[in-house]
Amino acid sequence: MSARVRLLFLSLTLMKPLSLLVLPGLLLASACDKKNEPTPAAPPPSAAAAPDGTSPAENAPAAALTANPQLEKQLKAVQTGVDLANLNKNLDIFVAQKKRLPSSLAELAADSGCPIPKLPDGVVLVIDKKSASIKAVRTQ
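Going by our numbering, 83 is the number at position 98 of the sequence shown; the sequence numbering is gapless.
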C-alpha cells in the first residue's frame, strides 16, 4: 500500500469511532438546551389570623427585627411594595452604556423602559451616587 492510501485508510478508520462519540454528545447537548415550561405554582396560603384578630406579622417580636438589620431591610422593601432589583439592574445597564449616572429616575425610566413603581405616602426613590444604586427612603 502506498503512503497516501494508508493515511486515508487510517484517517477513515479513526473518524468512525470519533464521530460515533461526538454525534451523540452533540445530540445530548442540544437536548439539554431545551427550557422546561414552569409549572404554575399553587397560590400561597393566606395568613391565618390569630385568635385575638391580629395577623401573625403583628404578633412577631420587634426584637427579632432589630437583631437582624438585613431582615429589617428586606421587611421595609416588602412593606413599601417596591422591587428595587429590577430598577437597580436597569441602572447598572444605564451606567455601563452611558458611563454616568442618570440625572433623575425619569431619565432612567425613559432610557430603559422600566416604569417607576407607585410608592406609598412618605417614601421616595433616590439614586445613591456613592453606591450607584436606587434606594427607597422615608421622608420626614
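Note that the Cβ used here is the ideal one computed from N, Cα and C, for glycine as well. In this text, all values refer to a predicted model and were calculated from it rather than measured experimentally.
Practice task
Could you tell me if residue 91 is buried or exposed, where buried requires 16 or more neighbouring beta carbons within 10 angstroms of its beta carbon?
Solution key: By the 10 Å Cβ count, residue 91 comes out exposed.
Exercise for the section: Would you kindly work out how many angstroms separate the C-alpha atoms of residue -11 and residue -4, rounded to a whole number? Expected result: Straight-line Cα distance between these residues: approximately 11 Å.
Problem - Close beta carbons around residue 70, own chain, < 6 Å, minus the five adjacent residues each side - result: Closer than 6 Å at Cβ, skipping near neighbours: no residue.
Handout entry: Through-space distance from residue 125 to residue 82, alpha-carbon basis
Key = Their backbone Cα atoms lie some 35 Å apart in a straight line.
Practice task
Give a yes or no on whether the C-beta atoms belonging to residue 117 and residue 93 are separated by under 9 Å.
Solution key: Taking 9 Å as the Cβ cut-off, residue 117 and residue 93 do not qualify as a contacting pair.
Handout entry: Host alpha helix (DSSP H) of residue 110 (start-end)
Key = Not the alpha helix (DSSP H): residue 110 falls in the beta strand (DSSP E), residues 108 to 113.
Practice task
Measure the CB-CB distance between residue 109 and residue 95 and report whether it falls below 9 Å.
Solution key: No.
Exercise for the section: Please name the residue, chosen from -7, -2, -13 and 72, that lies closest to residue 103 on a Cα-to-Cα basis. Expected result: From the listed residues -7, -2, -13 and 72, the smallest Cα separation to residue 103 is found for 72.
Problem - Buried versus exposed, by CB contacts within 10 Å (16 or more), residue 76 - result: A buried status is given to residue 76, since no fewer than 16 other beta-carbon atoms sit within 10 Å of its beta-carbon.
Practice task
For residue 107, I'd like the list of residues in its chain whose CB is within less than 6 Å of its CB, leaving aside the five on either flank, ordered along the chain.
Solution key: Correct list, in chain order: 123 and 124.
Exercise for the section: Report the residue from -7, -13 and 80 whose alpha carbon sits nearest the alpha carbon of residue 114. Expected result: The residue among -7, -13 and 80 with its C-alpha nearest the C-alpha of residue 114 is 80.
Practice task
Round the Cβ separation of residue 78 and residue 97 to the nearest angstrom and send it over; I've been treating them as touching at under 8 Å.
Solution key: About 7 Å separates the beta carbon of residue 78 from that of residue 97, a gap short enough to meet the 8 Å contact definition.
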